[in-house]
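Before any comments, here is the structure.
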DNA sequence: TGGATAATGCGAATGCGTTATCACTGCTCT
DNA sequence: AGAGCAGTGATAACGCATTCGCATTATCCA
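Protein chains in written order, with the working numbering: chain A, 22 to 146; chain B, 22 to 146.
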């Protein structure tokens, strides 16, 4: 059965505190503040497990390794903002209308993805 | 100096004929109809060269290796449609209004990307 | 036409993100 | 407290896309 370990607790806490999608290395850095011995392999194992349990959901951006966000965040339809200064990704609220008019005739759209790029609040001088 | 080879001619022709973004393997398959001996390494070398010459431009979709499209296509602002049946990517015309209202206050948007998913005309039964 | 050399084909090698192996650690339950 | 075993850390190995090395081929220009 599943055990409660300091490593897993730390990793879960990191997602709760971040409130935005995180990559494996970001998780490692943040969780090491609580568990300094934490190893990247453990992060990957835990991410995989949490995914199987549907506790987290992958977030893929063009040309980048997957990040992960909590299921709670993933349940509401939303998109992402990627800061080109600090490479962080943020959740956005809402969506846009009018995507259907981009679809050529004879094509059927079942899903869509929107990514905004720019500078986040932290990096705006 | 640069030389005119059957391989390079074939690869350029493939992009002209396709009218949509192509990945290295798609290029290889198509160009082998003209030059059966064509090697994947040569495709990569040629794509790299064409990129340096700005003849083609990379197209990155979430979780996938880059495809490439002709500069002519890349010059007009546009987005892409990815067919989940055949994995082909198509160019779309136009864009949507209202992206700005997704940007949180304090953030500055400089660019954006939109990807539609679904079934293309060829795969619609 | 022939020589210099850019380009090719082939296979090995790289880089990066991710996963497997395995001895050891430390939860959990009795 | 102690046994049993899930979880961990460290490191090797993997898969994949891409690039390199090098002998061979083929283009271009005199």
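We put the CB at the ideal spot given by N, CA and C, even for glycine. No experiment lies behind these values; they were computed from the predicted model shown.
- Against chain A, the CB of residue 110 (chain B) has no partner CB under 8 Å away; the residue lies outside that interface.
- In this structure, the straight-line span from the alpha carbon of residue 128 (chain A) to that of residue 146 (chain B) is close to 11 Å.
- Here residue 64 (chain B) carries a helix assignment [DSSP, helix/strand/coil].
- Taking residue 42 (chain A) as reference, the option from A:33, A:88, A:108, A:117 with the minimal CA-CA separation is A:88.
- Secondary structure at residue 30 (chain B): helix, using DSSP grouped into helix, strand and coil.
- Apart from the 5 residues on each side of it in sequence, residue 35 (chain A) sits with its Cβ closer than 6 Å to the Cβ of 48, 51, 52 in its chain, given in chain order.
- Here residue 136 (chain A) really is in contact with residue 83 (chain A); their C-beta atoms are around 7 Å apart, less than 8 Å.
- Under the three-state reduction of DSSP, residue 113 (chain A) is assigned to strand.
- In the DSSP assignment, residue 73 (chain A) forms no beta bridge with any residue.
- In this structure residue 105 (chain B) touches residue 138 (chain B) by the C-beta definition: roughly 6 Å separates them, less than 8 Å.
- When DSSP reads this structure, residue 88 (chain A) sits in a beta bridge with A:80.
- Contact annotation: residue 59 (chain B) and residue 45 (chain B) have beta-carbon atoms that are not nearer than 8 Å.
- In the DSSP annotation of this structure, the continuous segment of the alpha helix (DSSP H) that includes residue 46 (chain B) starts and ends at 45–52.
- By the neighbour-count criterion, in which 16 or more other beta carbons inside 10 Å mark a residue as buried, residue 109 (chain B) falls on the buried side.
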